[in-house]
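Participant:
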Amino acid sequence: DWFVECYHLFASSPEAGVGVNLWVNPETRQILRLTIPTQGVEVRVQQGIRLSVEAEPQLGLEVTIPSGEIRLPGTLLVPEETAPRYGVIFMHGSGSVDRNGNFGNVRTDLYKQLAEAAFAQGFASLRYDKRGVGDQDPNLAAHTPSELMADLCAAIDFLKANSSVEQVILVGHSEGGVLVPMVAARRDDVAGVVLLAAPARPLHEIIDYQVALAGQQMGLTEEQIQANLAIQAQFYAALREGSDWIEFLGTPYYAPYFQEHFSFTPLEEIQRVTVPVLILHGQWDAQVPVEDTRALAQALQTAGNTRVKLVEFPRLDHLFMPATEEFNLAEYNDPSRKVAPEVIDAFLEWLATHF
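In terms of our numbering, the sequence shown is residues 19 to 373.
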């Protein structure tokens with residue numbers, strides 16, 4: 019392998035819905051790498067070449083979003099050729115998730131790929147690091163869902179103030195899929211909602227599902243699984259009684275976060291959403307059962323929202339990546355896996371249909 023200094027170029031055609039990235043040797047003008055995000059295409063001219071930057075080049079403008087007394091680092095993408103009316107904003111899943119949808123050693127770039135695909139189709143977008151992620155104050159990791167929703171509202175206001183965007187499309191992944199509908203129902207500048215692997219049940223029920231499924235995967239008996247669920251019940255009781263940080267089985271937890279989450283009823287909140295909704299879910303999701311996504315779609319339709327589209331993807335997991343077997347969390351650490359192109363295609367098709 020050998021390193022090459024290179025230029026990164028990007029060109030898009032909103033009419034065709036295609037964006038092309040090129041990495042070019044500045045001396046020879048040779049194309050070293052080509053990607054088309056909307057099509058899931060990547061071509062390397064010479065396999066032995068390694069680009070001189072280890073991280074994937076970021077499209078867009080680095081920004082800081084004011085939210086109360088803190089500042090959230092983010093990436094703003096606005097097509098220069100047009101004055102887009104609509105912008106896409108992403109809300110994270112639980113945990114220390116960055117603006118691109120990555121956490122710890124797990125790299126998905128899910129939000130980044132969707133943002134750049136939407137950009138190639140003429141939409142603005144804004145994505146940002148969650149509180150406490152990256153170089154931010156790590157104490158911000160002790161937050162509540164209300165603070166996360168306030169951050170999302172701040173991002174909406176920032177995008178509208180710094181672009182031609184008048185209406186936003188909110189994309190919520192996992193935990194974000196619980197919080198996004200609550201924000202959407204309370205604002206008149208939300209034109210659409212996208213739910214990625216969103217739960218339909220309160221947090222403690224989702225955790226119980228994960229505990230039971232993990233026990234089955236490990237070959238535990240039903241008695242052992244029930245014993246684990248009994249320990250979880252003790253955990254929930256301790257959280258409800260706590261006023262700040264609590265320690266349970268040697269691990270600290272921020273009780274206010276859980277207390278607020280336990281009060282949410284996603285199936286009731288979703289019924290307040292009247293704008294177009296796209297719901298995407300992998301059938302091999304080990305964290306949120308696919309039955310939840312069907313329940314959300316049904317709740318919307320029961321409430322009278324006829325502009326609902328549900329797409330289930332066989333053999334995809336919670337991160338919308340292909341899995342080799344059902345409900346296998348170990349594959350999260352496989353760096354060779356990529357977001358399935360059909361997920362991006364479904365997202366773009368829905369955007370083209372409604373906006």
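For every residue, glycine included, the Cβ atom is placed at its ideal position computed from N, Cα and C.
#1: With 16 other CB atoms within 10 Å as the buried threshold, where does M236 fall?
#2: So what's A101 in DSSP terms, helix, strand or just coil?
#3: What is the rounded straight-line gap between the Cα of G210 and the Cα of A245?
#4: Compare the Cα-Cα distances from I362 to each of P44, A135, V59, P84 and report the closest residue.
#5: Using beta-carbon positions only, say whether V124 and N351 come within less than 8 Å of one another.
#6: Quick check on the DSSP output: the alpha helix (DSSP H) that includes A230 runs from which residue to which?
#7: Which residue spans inside the region 103–184 form an unbroken alpha helix (DSSP H) run of at least 4?
#8: What is the DSSP secondary structure of G194, reduced to helix, strand or coil?
#9: Leaving aside the five residues before and after F276 along the sequence, list all residues of the same chain whose C-beta is less than 6 Å from its C-beta, in chain order.
#10: In three-state terms, what does DSSP make of H279?
#11: Going by the beta-carbon positions, is the gap between I107 and I174 smaller than 8 Å?
#12: Determine the DSSP secondary structure at V291, reduced to helix, strand or coil.
#13: Would D147 and L79 qualify as a contact pair, given that the criterion is a beta-carbon distance under 8 Å?
#14: What would DSSP say about N246, mapped onto helix, strand or coil?
#15: Where does the unbroken beta strand (DSSP E) through E265 begin, and where does it stop?
#16: Taking G122 as the reference, which of V151, N157, P156 has the closest Cα?
#17: DSSP three-state call for E80: helix, strand or coil?
#18: When the Cα atoms are used, what is the spatial distance from E343 to D206?
#19: What three-state label does DSSP hand T311 in the structure shown?
#20: Between which residues of its own chain and Y272 is the CB-CB distance below 7 Å, once the five residues before and five after are set aside?
#21: Between which residues of its own chain and R145 is the CB-CB distance below 8 Å, once the five residues before and five after are set aside?
#22: Check this for me: beta carbons of V186 and V208, under 8 Å apart or not?
#23: Just checking, does the region 276–289 make contact with the region 300–308 on the three C-beta pairs under 8 Å criterion?
#24: Straight-line CA distance for Q301 to V115?
#25: Using a Cβ-Cβ cut-off of 7 Å (strictly less than) and excluding sequence neighbours within five positions of D303, which residues of its own chain qualify?
#26: Where does A317 sit, in a helix, a strand or coil, going by DSSP?
#27: Compute the Euclidean distance between the alpha carbons of G233 and T46, then round it to the nearest angstrom.
#28: Just the Cα atoms here: how many angstroms apart are D169 and L95?
#29: Would you list the one or two residues that DSSP bridges to E60?
#30: Apart from the five residues just before and just after R333, which ones in its own chain have a Cβ nearer than 8 Å to its Cβ?
#31: Which class does F253 belong to by DSSP, given the choice of helix, strand or coil?
#32: Can you tell me which residues form a DSSP beta bridge with H299?
#33: Short check: CB of I49 to CB of V42, under 8 Å?
#34: Taking C-alpha atoms, which residue in P199, E259, I225 lies nearest to L247?
Facilitator: According to the structure data:
#1: Walking along the sequence shown from the start, residue 236 turns up at place 218. The residue in question, M236, is exposed, as its Cβ has fewer than 16 Cβ neighbours within 10 Å.
#2: Translated into positions along the sequence shown, residue 101 becomes position 83. Looking at A101 - three-state DSSP - the assignment turns out to be coil, as it is neither helix nor strand.
#3: The residue given as residue 210 occupies position 192 in the sequence shown. The residue given as residue 245 occupies position 227 in the sequence shown. So the two alpha carbons sit approximately 43 Å from each other.
#4: What you label residue 362 is simply residue 344 of the sequence shown in a count that begins at 1. When each option's Cα is compared against that of I362, the closest is A135.
#5: The residue labelled residue 124 in the question sits at position 106 within the sequence shown. The residue labelled residue 351 in the question sits at position 333 within the sequence shown. Yes, the Cβ-Cβ distance between V124 and N351 is below 8 Å.
#6: If you number the sequence shown from 1, residue 230 lands on position 212. That run of the alpha helix (DSSP H) goes 221–235.
#7: 128–138, 163–179
#8: The residue labelled residue 194 in the question sits at position 176 within the sequence shown. Correct three-state label for G194: helix.
#9: Working through the sequence shown from its first residue, we reach residue 276 at position 258. These residues qualify, in order along the chain: L257.
#10: The residue you call residue 279 lines up with position 261 of the sequence shown. If DSSP states are grouped into helix, strand and coil, H279 belongs with the helices.
#11: Along the sequence shown, read from residue 1 onward, the residue named residue 107 stands at position 89. Along the sequence shown, read from residue 1 onward, the residue named residue 174 stands at position 156. In this structure, I174 lies closer than 8 Å to I107 by Cβ.
#12: Here residue 291 refers to the residue found at position 273 of the sequence shown. If DSSP states are grouped into helix, strand and coil, V291 belongs with coil.
#13: As a first step, residue 147 is located in the sequence shown; it is residue number 129 there, counting from the start. As a first step, residue 79 is located in the sequence shown; it is residue number 61 there, counting from the start. Result no, Cβ atoms of D147 and L79 do not sit closer than 8 Å.
#14: Taking the first residue of the sequence shown as 1, we reach residue 246 at position 228. If DSSP states are grouped into helix, strand and coil, N246 belongs with the helices.
#15: One-based indexing of the sequence shown puts residue 265 at position 247. Its beta strand (DSSP E) spans residues 263–266.
#16: As a first step, residue 122 must be located in the sequence shown, where it is residue number 104. Measuring from the Cα of G122, the nearest candidate turns out to be V151.
#17: In the sequence shown, the residue the question calls residue 80 occupies position 62. DSSP places E80 in strand when its eight states are reduced to three.
#18: If you number the sequence shown from 1, residue 343 lands on position 325. If you number the sequence shown from 1, residue 206 lands on position 188. C-alpha separation (whole angstroms): 42 Å.
#19: Here residue 311 refers to the residue found at position 293 when the sequence shown is read from its first residue. Correct three-state label for T311: helix.
#20: Translated into positions along the sequence shown, residue 272 becomes position 254. If we look at Y272 and ignore the five residues flanking it on each side, its Cβ neighbours are A160, W263.
#21: Position 127 of the sequence shown, counting from 1, holds the residue named residue 145. The residues are G92, T93, I107, F108, R117, N118, Y129, K130, A133.
#22: If you number the sequence shown from 1, residue 186 lands on position 168. If you number the sequence shown from 1, residue 208 lands on position 190. It is a contact, given that the beta carbons lie within the stated cut-off.
#23: no
#24: Taking the sequence shown and counting its residues from 1, one reaches residue 301 at position 283. Taking the sequence shown and counting its residues from 1, one reaches residue 115 at position 97. The alpha-carbon atoms of Q301 and V115 are separated by roughly 23 Å.
#25: Here residue 303 is taken as the residue at index 285 of the sequence shown, counted from 1. So the qualifying residues of the chain are A215, D335, H336.
#26: Along the sequence shown, read from residue 1 onward, the residue named residue 317 stands at position 299. Helix at A317.
#27: As a first step, residue 233 is located in the sequence shown; it is residue number 215 there, counting from the start. As a first step, residue 46 is located in the sequence shown; it is residue number 28 there, counting from the start. Answer to the nearest angstrom: the Cα atoms are 57 Å apart.
#28: If you number the sequence shown from 1, residue 169 lands on position 151. If you number the sequence shown from 1, residue 95 lands on position 77. Rounded to whole angstroms, D169 to L95 spans 18 Å at the Cα level.
#29: Your numbering for residue 60 matches position 42 in the sequence shown. E60 pairs with T53.
#30: Position 315 of the sequence shown, counted from the start, is the residue given in the question as residue 333. Correct list, in chain order: G300, Q301, W302, P340, A341.
#31: As a first step, residue 253 must be located in the sequence shown, where it is residue number 235. Helix, per DSSP.
#32: Along the sequence shown, one-based indexing puts residue 299 at 281. In DSSP, H299 forms a bridge with E330.
#33: Looking up residue 49 in the sequence shown gives position 31. Looking up residue 42 in the sequence shown gives position 24. Yes.
#34: In the sequence shown, counting from the first residue as 1, residue 247 sits at position 229. Measuring from the Cα of L247, the nearest candidate turns out to be I225.
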